[in-house]
Structure formats: structure tokens, C-alpha cells
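In full-length UniProt numbering, the protein residues as written are 1 to 199.
Here a beta-carbon is modelled for each residue, glycine too, at the ideal position from N, C-alpha and C.
All remarks here apply to the structure that follows.
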């Protein structure tokens with residue numbers, strides 16, 4: 001299922017251009033924040049697009065999208081990039097570039113909107129909502145037996161553990177997870193209908 005991890009990194013951008021581009025944009029944001037010398041300052045996070053309740057109330061809805069690319073510490077950056085490296089390439093290959101990009105951005109947006117809807121405290125950054133969206137896609141594939149059962153079971157356990165460990169964001173992440181599950185169902189159904197029409 002994750003055979004792409006055997007592919008040399010130099011070939012990665014050509015084979016998975018969307019995943020590579022997303023990681024590149026996040027890396028540029030991370031280095032930019034790092035070079036400010038104020039990476040641990042929440043005011044810097046807000047300047048670079050973090051989700052801040054006050055700014056959202058003032059109509060700065062673009063933060064729901066931009067914050068997906070903003071990581072403000074090494075652990076967050078490494079964890080999110082590694083998760084994308086493991087989870088995303090197979091989905092770009094399976095769903096196609098545009099559908100994969102739609103899944104990543106839309107589930108991330110929905111999860112980030114959930115941060116406001118469920119009144120999660122604090123300033124929020126990162127693409128964790130999009131990662132849960134990807135996990136939601138895999139859970140749909142597992143539920144439909146469209147992937148290896150053992151791998152699907154392992155991802156299910158991993159998802160539950162991560163949800164519990166990040167309990168403060170439980171409901172936004174569940175929202176992103178559900179969005180990924182439903183989007184996968186819709187896209188696969190559309191592909192099957194198109195294939196039936198062609199036959």
C-alpha cells in the first residue's frame with residue numbers, strides 16, 4: 001500500500017507533484033517564520049496566518065486556508081510533513097491530482113472551521129485537519145475493502161490513538177475525518193458512474 005516509500009526522493013516531485021508542492025509551500029512558510037527569530041511568539045503566528053478567533057470574527061476567513069501551511073515548531077513541522085509523505089502519495093495516485101488537492105484543502109478547511117464552531121481555545125496552526133481528512137479517505141477505503149485489511153485496521157487504531165492524544169481538537173478533527181470519508185465516497189461513486197457511462 002505504501003510502496004512509494006521505496007521511490008528515490010529525487011523522483012518524488014515528478015511522480016507526486018501535488019504532494020511535493022504542498023510540502024514545499026509548508027517548508028517555505030516554516031523557514032520564513034524561523035528566520036523571524038520569533039517562532040515561539042503567537043503574535044508572529046498570527047502575522048503569518050494562524051487561526052485567531054478575534055481575527056476570524058473580523059472577517060479574515062482566509063486564515064482557514066493559509067493556516068494549513070503554517071507550522072510553528074520543529075515537531076509540528078516534521079510530524080505533518082512525515083504524515084503527508086506516508087499517507088498522501090497513494091491518494092494522489094488513486095484519485096488524481098485535482099481530486100487529491102480538493103480532498104486535502106477541503107477537509108483542512110472544514111476541520112479549521114470546526115475550530116471556530118467548537119470554540120477551541122488558543123491560536124491554531126498546521127495541517128492536522130487535512131491529515132485527518134486523508135485518514136478519513138483511508139477509513140472509507142478500509143470500510144469498502146478497497147485496501148489491505150491489516151493496513152486499514154492499523155490506520156484505524158492509529159487514528160483513534162491520535163484523536164485521544166489531541167483531545168482538545170477532538171471535534172474539529174472528527175469533522176475533518178468525516179469530511180474525508182464522505183468525499184472519498186462521492187469521488188469514487190462519480191468515477192464508477194463515469195466508467196459505467198463509458199461502458
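Open item on the list: What residue range does the alpha helix (DSSP H) around residue 105 cover?
Closed with: Segment 97-117, the alpha helix (DSSP H) holding residue 105.
- [ ] Report the residue from 61, 72, 16, 4 whose alpha carbon sits nearest the alpha carbon of residue 29.
- [x] For the residues 61, 72, 16, 4, the minimum Cα distance to residue 29 belongs to 72.
Open item on the list: Using the Cβ count rule (16 or more neighbours within 10 Å means buried), how would you classify residue 177?
Closed with: By the 16-neighbour rule on beta-carbons within 10 angstroms, residue 177 is buried.
TODO: Give the C-beta separation of residue 183 and residue 103 to the nearest angstrom, bearing in mind that I take them to be a contact with Cβ-Cβ under 8 Å.
DONE: At roughly 5 Å, the Cβ-Cβ gap stays under 8 Å, so residue 183 and residue 103 are in contact.
- [ ] In the DSSP assignment, find the alpha helix (DSSP H) that holds residue 167 and state where it starts and stops.
- [x] Unbroken run through residue 167: none, as it is neither H nor E.
- [ ] Could you please give me the residues that DSSP links to residue 124 through a beta bridge?
- [x] Note: residue 124 is bridge-paired with 51 in the DSSP secondary-structure output.
TODO: Using beta-carbon positions only, say whether residue 51 and residue 123 come within less than 9 Å of one another.
DONE: It is a contact, given that the beta carbons lie within the stated cut-off.
TODO: Look at the Cβ atom of residue 200, then the Cβ atom of residue 120, and state whether they are nearer than 9 Å.
DONE: Residue 200 cannot be examined here, being either before or after the span of the chain that is shown, 1 to 199.
TODO: Taking the CB atoms as reference points, tell me whether residue 105 and residue 68 lie closer together than 9 Å.
DONE: It is a contact, given that the beta carbons lie within the stated cut-off.
Open item on the list: Less than 9 Å between the beta carbons of residue 108 and residue 130, yes or no?
Closed with: Going by C-beta atoms, residue 108 is nearer than 9 Å to residue 130.
Task: Given residue 79 as reference, the closest of 132, 93, 53 once Cα atoms are compared - done: Of 132, 93, 53, the residue nearest in Cα terms is 132.
Open item on the list: Among 45, 125, 118, 161, whose alpha-carbon lies nearest the alpha-carbon of residue 135?
Closed with: The shortest Cα separation from residue 135 among 45, 125, 118, 161 belongs to 161.
Open item on the list: By alpha-carbon positions, which one of 144, 189, 174 ends up nearest to residue 113?
Closed with: Comparing Cα positions, the closest option is 174.
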